[in-house]
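The structure appears below as structure tokens.
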Amino acid sequence: MRQEWAALIGSLRKGSYNRALYEVFRGLAPVEVRWREVNIGDLPFYNPDAEPDVWARQFWEEMQTADAFVFFTPEYNGSIPAVLKNAIDWASRDPHGSSLAGKPSVVLGASQGLFGTLRSQLHLRQILSFMDADLVQRPEVLVAEAHLKLKPPGQLNDPMAERLMRQLSENLYRRVGRLAAV
Ligand SMILES: Cc1cc2nc3c(=O)[nH]c(=O)nc-3n(C[C@H](O)[C@H](O)[C@H](O)COP(=O)(O)O)c2cc1C
38 MRQEWAALIG SLRKGSYNRA LYEVFRGLAP VEVRWREVNI GDLPFYNPDA EPDVWARQFW
98 EEMQTADAFV FFTPEYNGSI PAVLKNAIDW ASRDPHGSSL AGKPSVVLGA SQGLFGTLRS
158 QLHLRQILSF MDADLVQRPE VLVAEAHLKL KPPGQLNDPM AERLMRQLSE NLYRRVGRLA
218 AV
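Note that this note's numbering gives residue 78 to position 41 of the sequence shown, counting from 1, and the numbers run on in steps of one.
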């Protein structure tokens with residue numbers, strides 16, 4: 038069954054390890070999956086006073102039409118980067134209703150530290166639960182010491198992480214399929 042998965046990458050950095058992780062994950066996902074990367078870097082800081090501009094409308098549409106969300110988060114000061122939280126806040130204020138509610142979602146992350154986004158993933162999972170996203174929680178994919186294992190644009194030297202990513206993508210694919218069958 039064809040599925041549309043939207044990737045949200047919490048790093049705007051050229052040469053980002055989380056972007057490299059996205060490229061690896063894309064390669065491991067079922068062939069039926071069509072990918073789109075949501076551009077979160079051009080969203081302004083969310084301000085309820087401001088009229089939504091063309092970026093916001095495009096963002097909302099991209100989010101609404103996705104079958105699933107795949108979040109790639111770095112860890113910034115023990116949490117998720119502001120650019121990712123800003124995108125989630127925008128998603129929650131879609132005039133057609135939050136695109137995250139009930140939508141199958143997974144979280145992956147890479148950092149150069151030893152804990153491999155443990156803290157930022159915990160925060161992100163908490164936020165997504167609050168948003169009522171349909172989180173596929175297992176297996177967890179955390180790539181620690183990313184500078185030793187990931188090579189942009191999309192090479193990973195960590196067989197265990199690769200195995201977990203393949204399993205996670207299969208679990209997400211099945212979750213979307215089950216929802217479509219209901
Ligand atoms: C503002 C800032 C805060 C950071 N805080 C943490 C942190 O709390 N834990 C951690 O493991 N790495 C931290 N790092 C290092 C990031 O893990 C590292 O820069 C990583 O490569 C970012 O992901 P990216 O390569 O996808 O941009 C921080 C980096 C920045 C720029």
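Glycine residues also receive a C-beta, built at the ideal position from the N, C-alpha and C atoms.
As the structure is a prediction and not an experimental result, all values here were calculated from the model.
When the beta-carbon positions are compared, A105 and A147 stay at least 9 Å from each other. Between ligand 1 and the CB of Y210, the shortest heavy atom gap is not smaller than 8 Å.
Here the alpha carbon of E98 sits roughly 15 Å from the alpha carbon of W72.
Taking each of V173, V61 and V144 in turn and checking the Cα distance to H160, the smallest one comes out for V144.
In this structure, A147 has its CB closer than 8 Å to one or more heavy atoms of ligand 1. Of the candidates R130, F109, F108 and G47, the residue whose Cα lies closest to the Cα of P85 is R130. Taken through DSSP and simplified to helix, strand or coil, Y113 comes out as strand. The closest heavy atom of ligand 1 lies 8 Å or more from the beta carbon of N123. The beta carbons of L193 and L187 sit about 6 Å from each other, so the pair counts as a contact at 8 Å. For S206, the enclosing alpha helix (DSSP H) stretches over residues P196 to A218.
Contact annotation: the segment 62–70 does not touch the segment 87–101, with fewer than three C-beta pairs closer than 8 Å. Contact check for N123 and L80: beta-carbon distance about 6 Å, within the 8 Å limit, so the pair qualifies. For P190, the shortest C-beta to heavy atom distance toward ligand 1 is 8 Å or greater.
With a minimum length of 3 residues, the unbroken runs of beta strand (DSSP E) contained wholly in the segment 43–83 fall at 70–74.
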